[in-house]
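Line by line, the protein sequences give chains F and Z. Just so we're aligned, residue 1061 is where the first sequence starts under our numbering, counting upward by one. Just so we're aligned, residue 1061 is where the second sequence starts under our numbering, counting upward by one. Virtual Cβ for every residue (Gly too), placed ideally from N, Cα, C. Quantities reported herein were computed from a predicted structural model and do not represent experimental measurements. Working notes for the structure below.
There are 2 protein chains.
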Amino acid sequence: MTESNFPQPPKHLSTEEFRQHGHALIDWIADYWDRVEDFRVVSDATPGSIREQLPTAAPEVGEPFEDLIRDLDDIVMPGITHWQHPSWFAFFPANASPPSVLAELVSAGLGVQGMLWSTSPAATEIESHVLDWLVDLLDLPAYWKTTEQGGGVLQMSASDSTHTALVVARHQATNRGVQPGSMVAYASTQTHSSIQKGATVAGYGHVRLIDVDGQQAMNIEALQSAVEEDKANGLSPVFVAASLGTTGTTGVDPIEAMGAICKEHDLWLHVDAAYAGNAMICPEFRHYQAGLELVDSYTFNPHKWLMVNFDCSVFYVADRGPLIDCLSILPPYLKNEASASGAVIDYRDWHVPLGRRFRALKLWWVIRSYGAEGLREMIRYHVALTQQLADRLDRDPRFEIVAPHPFALVCFRCTESDEATSRLIEAVNKVGSVAWTGSELDGRPMIRVSIGQRSTEQSHVDALWDLIDEHA
Amino acid sequence: MTESNFPQPPKHLSTEEFRQHGHALIDWIADYWDRVEDFRVVSDATPGSIREQLPTAAPEVGEPFEDLIRDLDDIVMPGITHWQHPSWFAFFPANASPPSVLAELVSAGLGVQGMLWSTSPAATEIESHVLDWLVDLLDLPAYWKTTEQGGGVLQMSASDSTHTALVVARHQATNRGVQPGSMVAYASTQTHSSIQKGATVAGYGHVRLIDVDGQQAMNIEALQSAVEEDKANGLSPVFVAASLGTTGTTGVDPIEAMGAICKEHDLWLHVDAAYAGNAMICPEFRHYQAGLELVDSYTFNPHKWLMVNFDCSVFYVADRGPLIDCLSILPPYLKNEASASGAVIDYRDWHVPLGRRFRALKLWWVIRSYGAEGLREMIRYHVALTQQLADRLDRDPRFEIVAPHPFALVCFRCTESDEATSRLIEAVNKVGSVAWTGSELDGRPMIRVSIGQRSTEQSHVDALWDLIDEHA
């Protein structure tokens, strides 16, 4: 190949252009946060309305960066549902914060891939260290730390964490000669769908959804009976999921009593604390997680309610041995001195994916920026706003609260009729200035109000109450 | 609760402080890219050396943001292995680019969670649209588009994509009454470890690693025999993985011939093109993927070699029906009009996790910013640099190239002895100004040189050659 026809690299955005557009986009985000209340919370885009504005084929020639920013405003924004809106009361929050977003930027700029300790020691060690901090902050058993026999790892979502727990439990059972097709996983009827999905993905033959009591907590006698009945029928109970805050109503399963059954029958006990685990940073909520010394794994999502932007799910195991035993495979191109020494953690052995980005940076920055006290303040403020709203609902004969509301979610319905509830769900969502979630409990419609955005204040909840009052 | 003791929200970084620190960090990243060559490529941190600089407990009170940036320089940077260094020749690249990093920033700032179409229509529609663009850009079968019967979805890593394919294939086989314990997945001995790991995680009873020929491609007769032998022994062949560019040497399996065997025996054929799939944007490489009309699923990682920062793995299925059938679960709190209409895609049904961030933004911005031509230029430049280095190695009697090198990876060893190869691996890595990967082929040491960083130029490869020449 002569010099003249040797390929040339493409033209990149220069460092100067990166600075220029980067500064503009920092301001764009700050402006967005300042004006987010001007938007409808839920996009009113119709199916296909975004795509139809995009050219059929990718551009052959690069476009000016200004065009990308223009389309961000003109095409993207009308199709955005504003999870960061202070009147976001839907689902659970996915709250974020300035230090988290800045850490995500730095992580992308560094562009490290932390599959092994050696491929960026700081990424692994900061992750281990901060997750050990959280063991203390949430008052989890000390032996769950990476410096002890357990350990934490960041995953993308609680679904991934739960699936991983299911796989390790299945692997152990398979080693005892049990066929996946005969394995049973147990959860309550109110458990998040990720348990059922994870069990399907992991190949469990059976998922048993156990009834709840009036507190939306798993009926412990029903669990005991189901396990015994399955055993009597030749099936193999393997896995039990306890919810610390169900998605439907934030019901709390009796972890300690479930743990006793799991010990008796040698079952893996997993705690799905995706949402409410964040509240455990406040001592006054920790009685809800009594019994953790009986637990094998635990997941919670700082990306839900701890101001770490999505994705950032924490997965703890009480003993990392079975996890690594199940998931470690060492091809020759990944061999290295540090791994061989056994002195380091290679997080690729803690989950399904091999590659991983430096997600711990944002968790570290959020904790340091707010301090534990700042995080507790946020949780307590959201819970107080929720209890205040619950008081209003409780005092008003038009409404009926349908489940306990220990955290920052309250579920209610209209006393008049189910139709009134359904009408209220639609009417308030139609206004556009708030978003909440219509759901069902015991086959009847109910309304979920989840309070957890970083910028949500008293005034936003008051405005929601006014809407409820007006449309009920 | 009286007004005076009602909890107050924590003090957040103000918008002005966000702007100030955001601008500073944009400059910090630009400066980092400008000075990245001043760093040792591979961190020389020793195990524990990062952690020991961190306080034992999380701070109770928030710290000034300046302290976080200070520790970024003082504590984090010495523990960073610089994947964005132009002399990064290790593993495969994880290259990034200015538009990608800026899109990651915007995605974090918007903080949307795109589990359902309705939770941010733009996130879903741009993802579908851009992945349809890539079907054309890579000349994949047109029916893989979301507008046809197939479709693409972004996952975190090729390991996730491959695992998903394994699960869907297992699910179909289970529906036919096959037990996972009797299922067999096939891949070549040179296939990425994610196949073996994915099959373990998905519960396959058996993984059969098939021999390769002198071209590092799967021996097709050996595959045929293995499938027939397994069937004769009462096992159930289910899944075959073809590598389009093995991790060891970028070997290319014969997709078309494998497809014929898969059709004959009704097996799922998955193509792992994690690295080399990116090269398919150039027509001259597409003969390597002949036979795609026989394929059920395909994965490639724009986060490896298309300047989209980690994570961004693409997963295509030829028919989305079985995927959604396997992975869709609909709890009441996720019900919504758009989903019920069937007119939209809900990507939560396309993978294990429920939540998902707006990753398509960076893929969209990279393609638009460079244009297809710019992406082809980058691929061709890296391949040309690699072929030039291969020529030098080939002409020098001290070295022996051990495998075909169709893309931008060349593998070689020292002709003198295996000890000489091992010494060379160590000697060059010790210098610190470059990084490459020592691996093994046929039980003997070899050296992998992977050329794929955005800022790698002729001069960096020349400097690598000088080091090889000096230390051999």
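{"Asked": "Whole-angstrom C-beta distance between F/VAL1412 and Z/HIS1223, which should lie under 8 Å", "Found": "5 Å"}
{"Asked": "C-alpha distance - Z/GLY1415 paired with F/GLN1256, whole-angstrom precision", "Found": "16 Å"}
{"Asked": "At least 3 beta-carbon pairs within less than 8 Å: the segment 1127-1140 of chain F vs the segment 1174-1183 of chain Z", "Found": "yes"}
{"Asked": "Best match in Z/LEU1354, Z/ALA1334, Z/LEU1165, Z/HIS1531 for proximity to Z/GLU1324 [C-alpha to C-alpha]", "Found": "Z/LEU1354"}
{"Asked": "Strand pairing of Z/VAL1272, partner residues [DSSP]", "Found": "Z/MET1278"}
{"Asked": "Z/LEU1354 CB to nearest heavy atom of the ligand GTP below 6 Å", "Found": "The ligand GTP is not part of the structure shown, which contains no ligands of any sort."}
{"Asked": "Residue span of the alpha helix (DSSP H) that contains Z/PRO1158, given as start and end", "Found": "1158-1170"}
{"Asked": "For F/GLU1517: DSSP bridge partner residues", "Found": "For F/GLU1517, which the question treats as bridged, DSSP gives no partner whatsoever."}
{"Asked": "Contact set between Z/SER1253 and chain F, taken where Cβ atoms lie within less than 7 Å", "Found": "ILE1389, PRO1391"}
{"Asked": "Rounded straight-line distance, which links the Cα of Z/PRO1505 to that of Z/ASP1273", "Found": "19 Å"}
{"Asked": "C-alpha gap between Z/TYR1358 and Z/TYR1335, whole angstroms", "Found": "12 Å"}
{"Asked": "F/TRP1177 and F/ASP1385 closer than 7 Å at C-beta", "Found": "no"}
{"Asked": "F/TYR1430, enclosing alpha helix (DSSP H) - first and last residue", "Found": "1420-1455"}
{"Asked": "Contact list for F/PHE1078 against chain Z, beta-carbon separation under 7 Å", "Found": "ALA1090, PRO1158"}
{"Asked": "Local Cβ density within 10 Å of Z/GLN1215, reported as buried at 16 or more and exposed below that", "Found": "buried"}
{"Asked": "Z/PRO1153 versus Z/SER1510: straight-line alpha-carbon distance, rounded", "Found": "7 Å"}
{"Asked": "With 16 other Cβ atoms within 10 Å as the buried cut-off, status of F/THR1307", "Found": "buried"}
{"Asked": "Neighbourhood of F/VAL1287 by C-beta, 6 Å cutoff - its chain only, sequence neighbours within 5 removed", "Found": "PRO1297, HIS1325"}
{"Asked": "Minimum Cβ-Cβ distance from F/LYS1205 to chain Z less than 7 Å", "Found": "no"}
{"Asked": "Per-residue DSSP class, three states only, for Z/TRP1143", "Found": "coil"}
{"Asked": "Integer Cβ distance of F/VAL1426 from F/SER1157, believed to fall under 8 Å", "Found": "6 Å"}
{"Asked": "Residue nearest to Z/ALA1150 in terms of C-alpha spacing, selected from Z/THR1475, Z/GLU1530, Z/VAL1096, Z/ALA1468", "Found": "Z/ALA1468"}
{"Asked": "Distance between Z/ALA1117 and F/TRP1193 (C-alpha atoms, nearest Å)", "Found": "6 Å"}
{"Asked": "Contact set for F/TRP1525: own chain, Cβ-Cβ below 8 Å, skip 5 residues either direction", "Found": "LEU1449, ARG1452"}
{"Asked": "Z/CYS1342, DSSP secondary structure in three states", "Found": "coil"}
{"Asked": "Same chain, Cβ closer than 7 Å to Z/VAL1368, five either side skipped, listed in chain order", "Found": "SER1160, PRO1362, LYS1422, LEU1423, VAL1426"}
{"Asked": "Residue-chain proximity (F/PHE1370, chain Z), Cβ-Cβ < 7 Å", "Found": "yes"}
{"Asked": "Rounded C-alpha distance that separates F/GLY1576 from F/ASP1104", "Found": "No answer is possible for residue 1576 of chain F: the residues shown for chain F start at 1061 and end at 1532."}
{"Asked": "Any C-beta of chain C under 7 Å from that of F/GLN1144", "Found": "Within the model displayed, chain C is absent; protein chains F and Z are what it includes."}
{"Asked": "Strand pairing of F/ALA1301, partner residues [DSSP]", "Found": "F/HIS1330"}
{"Asked": "Positions along the segment 1413-1433 of chain F whose CB lies within less than 9 Å of some CB in chain Z", "Found": "PRO1413, LEU1414, GLY1415, ARG1416, ARG1417, PHE1418, LEU1421, LYS1422, TRP1424, TRP1425, ILE1427, ARG1428, SER1429, TYR1430, GLY1431, ALA1432, GLU1433"}
{"Asked": "Option nearest Z/TYR1430 by Cα separation, candidates F/PHE1099, F/PHE1078, F/PRO1124", "Found": "F/PRO1124"}
{"Asked": "Through-space distance from Z/SER1167 to F/ASP1594, alpha-carbon basis", "Found": "Not covered by the structure: residue 1594 of chain F. The range shown for chain F is 1061 to 1532."}
{"Asked": "In chain order, each alpha helix (DSSP H) run of at least 4 residues that lies wholly inside the segment 1349-1429 of chain Z", "Found": "1362-1365, 1380-1387, 1397-1401"}
{"Asked": "Z/ALA1301 versus F/TRP1410 - alpha carbon distance", "Found": "23 Å"}
{"Asked": "For F/THR1497, the three-state DSSP class (helix, strand or coil)", "Found": "strand"}
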